[in-house]
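Beneath this line is the structure, given in structure tokens, with notes to follow.
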Amino acid sequence: MAGGLSRRAVLTALPLTLGLSGLARAAAPGLSLSGKFVQGGYAVGRTAPRAMIDLDGLVLTTASADGWFVIGFDRDAPPTSVLTVTTPDGSAVDERAIALGDFDIQRIDGLPPEQVSPTDPALLERLAAENTRKVAGFASQADIEGFREGFILPVVGARRSARFGGQRILNGEPRRPHYGVDLAVPVGTPVRSPASAIVAFAETGLHFEGGLLLLDHGQGLVTAYLHLSKTLVSPGTYVRRGDEVALTGKEGRATGPHLCWRMKWRGRNMDPSLLVGAGPLLG
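Here the sequence shown stands for residues -26 to -1, 1 to 257, numbered as in mature numbering (1 follows the signal peptide of the UniProt record, and there is no 0).
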């Protein structure tokens, strides 16, 4: 990923206090891993405290002080993924097959042209500024372990109106996939935090998203809530699983009232519904 370090570069920087012969004899760190190994899926693992986590050749995160970590697999993840955890005493490797996702084709017509392909210079300038703020929110890397709790649905009584990952065709034009799960509910339905988190972003009035809330559940596992009518929390606030954090709406690029629920980790687009009902992960 952009900004990631190669595993070789990081290993070169490690203090070789044991010498080469000592490093060869050192015990590899333990590694346990569970999750859903599918495009858009996740894994939660435990290893040595603060071990470096290398996924597919890039060092993307470090384990917590207790050794916990989370990783995500993109909607377009390749068929295999290699995880390496490294400490000054050694490394451990876990290679997994990543199953193909099952994605729909979604057609939406009748959208205003400026909601599909904006051309107005003032709007483009506004969109660039909004994107800069959103990128900063998605870059959050809170040192917490909310991802271990298992997730609940963010709204009660919803009908799923669109699955994660569907290819979008807007006003007849093929666009990038839809990276969210759409949950149809009336305007003003309370949105709950699905797991403990730090609020990384909270704004209303965005062009595409309307009201947008970003929650970091630890190590940059960020869930996003779009088309909100109101946000109830401020950036930097710690929220617990089940806390009310926003109210649903139909703001931005939306054809009706619903919550678009998304998840990202280190730029990878994930299916948040895959974590629902998992229970406390790895004990």
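Glycine included, every Cβ here is placed at the ideal spot set by N, Cα and C.
{"Query": "How long is the line joining the alpha carbons of Arg134 and Val159, rounded to whole angstroms?", "Result": "9 Å"}
{"Query": "The alpha helix (DSSP H) with Ala102 in it runs from where to where?", "Result": "Pro95 to Phe112"}
{"Query": "Quick one: using the 10 Å Cβ neighbour count with 16 as the cut-off for buried, is Thr222 buried or exposed?", "Result": "buried"}
{"Query": "Of all the beta strand (DSSP E) runs that stay within the bounds of the segment 14 to 71, which reach a length of 3 or more residues?", "Result": "16 to 20, 26 to 29, 32 to 36, 42 to 46, 54 to 61 and 64 to 71"}
{"Query": "Closer than 6 Å by C-beta to residue 295: which residues in its own chain qualify, once you throw out the five before and the five after it? Chain order, please.", "Result": "Look at the range of the chain in this structure, -26 to 257, and you will see that residue 295 is not part of it."}
{"Query": "Comparing C-alpha positions only, which one of Tyr153, Phe182, His191 and Val219 sits nearest to Ala176?", "Result": "Val219"}
{"Query": "Please state whether DSSP places Ser167 in a helix, a strand or coil.", "Result": "coil"}
{"Query": "Pull up the DSSP beta-bridge partners for Glu119, would you.", "Result": "Glu119 is not bridged to any residue."}
{"Query": "For Arg227 and Asp156, what's the separation of their Cα atoms in angstroms?", "Result": "13 Å"}
{"Query": "Please classify Asn243 as buried or exposed, where buried requires at least 16 other C-beta atoms within 10 Å of its C-beta.", "Result": "buried"}
{"Query": "What is the DSSP secondary structure of Ser203, reduced to helix, strand or coil?", "Result": "coil"}
{"Query": "Can you pull the DSSP bridge partners for Gly184?", "Result": "Leu180"}
{"Query": "Inspect the CB distances between the segment 161 to 168 and the segment 105 to 118 and report whether three or more fall short of 8 Å.", "Result": "no"}
{"Query": "Expressed to the nearest angstrom, what Euclidean distance is found between the alpha-carbon atoms of Thr163 and Thr58?", "Result": "42 Å"}
{"Query": "With a 10 Å radius around its C-beta and 16 neighbouring C-beta atoms as the bar for buried, classify Val130 as buried or exposed.", "Result": "exposed"}
{"Query": "For Pro52, decide whether its Cβ has a neighbour in chain B, counting only Cβ atoms nearer than 8 Å.", "Result": "Of the chains in the structure shown, none is chain B; there is only one protein chain."}
{"Query": "What would DSSP say about Ser247, mapped onto helix, strand or coil?", "Result": "helix"}
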